[in-house]
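If you read the sequence shown in the UniProt record's numbering, its first letter stands for residue 1, the second for the next number, and so on.
Each residue gets a CB set at the ideal place from its N, CA and C atoms; glycine is no exception.
Below: one structure, written as structure tokens.
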Amino acid sequence: MAALADQGPHAPAQNPRRQLKQPSRVARLARLSGRQLLCFVIAAFVFAAPLVYLFLQSFKTFTGFLQDPTGSPHPWTKQNFSDAWSVGDFGREMINSLIYAVIPVTITLTLGVFLAFPISRGWFRHSNVLYSFFIFSGFLPGGLIPLFIEARALHLYNSMPGYLLMVSLSGAGFFFFVGYIKGIPKEIDEAAALDGCGYIRFIFRIVIPQMKPALATFAIFGFVGSWNNLILPLVMLSDKSLWPVTRGLYSFFGENTQNWPLIAAGTFIVAAPILLLFILLQRFLVEGVAGGAAFGTQGVTKAAADQGDAE
């Protein structure tokens, strides 16, 4: 009441235009959310429609597919999945794909963290140059013909250990690791050193637990890349017992070109582990990409680089 009395009868009236601004802002936000919802629906339809169509066709009989290629299954049948599993021998090939995906990703994660930590802290001379070199090398295409010649010369061709060696030394996650480690305070390094914590123990007990989102992100990308790899197994693996699931699906498609419901069932069997992986680890995927992008665009700090040059 006192505030109203101080204003007096001659207090300036509020501008009516200002009163109309708030509803207009709310309307703009509503329109913006509507646009975002529309974009989400369009993107979901574009990405989900092929999977839904593939899933529906896998439950059709061959005769039902010929009668109605785009409609829903009538009658529904699960025979295509059992036939595709037995004819395509996907059980053995999935075991090979798991080996080709898990072992290289584990090796790359371990080596990537041990390499990214000293570079992110500027312990090497010209750390920015090394960092730029690794980033640039990630954009270079793989030399398939030189790799094939090298594999034949080193007796790594058509061999599981040789194939694992060729796909294990990848630096794709290096960018994420350097960016994520920059977000870890350096005071933790100093406190661990004062407590007598060794370097290897410090990496496994302190650094790696704080990098779970980044490690999970690269694990997803690396696993999907290894699982979907087709060109390298086509060139490097001629023994059928060593084929991954993608190579087996390629051969399965050539043997059953006309039976599209059977091919759809086999394709869905191959894609199911990837879909399950994304569903289980999607939270870590978003956190890892956001954390790595927040710091990954920055070079090694000047103070850290100067300290590395001084040492």
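Less than 8 Å divides the Cβ of VAL113 from the Cβ of ILE203.
At the C-beta level, TRP243 and ASN96 come within 8 Å of one another. The stretch 87-106 and the stretch 255-274 touch, with no fewer than 3 CB-CB distances between them shorter than 8 Å. The residues ALA116, ILE119, SER120, TYR131 and GLY296, in chain order, have a CB closer than 7 Å to that of VAL178 in the same chain once the five nearest residues on each side in sequence are set aside.
By the criterion of a C-beta distance shorter than 8 Å, LYS186 is surrounded in its chain by ARG121, once the five residues flanking it on both sides are discounted. Annotated three-state conformation of ARG201 is helix, per DSSP. In the structure shown, the three-state DSSP call for PRO75 is coil. Assignment of TYR131 by DSSP, reduced to helix, strand and coil, places it in the helix class. Per DSSP, the continuous alpha helix (DSSP H) segment holding ILE188 begins and ends at 186-194. With fewer than 16 other Cβ atoms from the protein chains shown falling within 10 Å of its own Cβ, PRO69 counts as exposed.
If you draw a straight line from the Cα of VAL102 to the Cα of LEU147, it comes to about 22 Å. Of the other Cβ atoms in all chains shown, fewer than 16 fall within 10 Å of the Cβ of LYS240; this residue is therefore exposed. Cβ-Cβ distances below 7 Å link ILE279 to nothing in the same chain once the five nearest sequence neighbours on each side are left out.
Out of ARG92, GLN79 and GLN67, the CA that lies nearest to the CA of LEU249 is found in ARG92. Of the other Cβ atoms in all chains shown, 16 or more fall within 10 Å of the Cβ of THR217; this residue is therefore buried.
A direct Cα-Cα distance of roughly 13 Å separates LEU154 from MET236. In this structure, SER159 lies away from ILE107, with their beta-carbon atoms at least 8 Å apart. The distance from the Cβ of ILE231 to that of LEU144 is about 7 Å, consistent with a contact at the 8 Å cut-off. Assignment of PHE59 by DSSP, reduced to helix, strand and coil, places it in the coil class. The three-state reading of DSSP puts LEU109 in helix, counting H, G and I together. With a cutoff of 8 Å on beta-carbon distance, PHE65 and THR77 are scored as not near each other. With a threshold of 16 other beta carbon atoms within 10 Å, GLY266 meets it and is buried. With distances taken between CA atoms, ALA193 lies nearest to ILE206 out of ILE206, ILE274, ILE181 and GLY183. Selection ASN228, TYR157, ILE42 and GLY222 evaluated against SER238 yields TYR157 as nearest (Cα-Cα).
DSSP places TRP123 in no alpha helix (DSSP H); its state is neither H nor E. Here the alpha carbon of ILE184 sits roughly 13 Å from the alpha carbon of ALA191.
Contact check for ALA264 against LEU109 fails: the beta carbons are separated by 8 Å or more.
In the structure shown, PRO50 falls within a helical segment according to DSSP collapsed to helix, strand and coil. Residue burial annotation: SER72 is exposed, with fewer than 16 other C-beta atoms found within 10 angstroms of its C-beta.
In this structure, DSSP gives GLY225 a helical state, which the three-state scheme calls helix.
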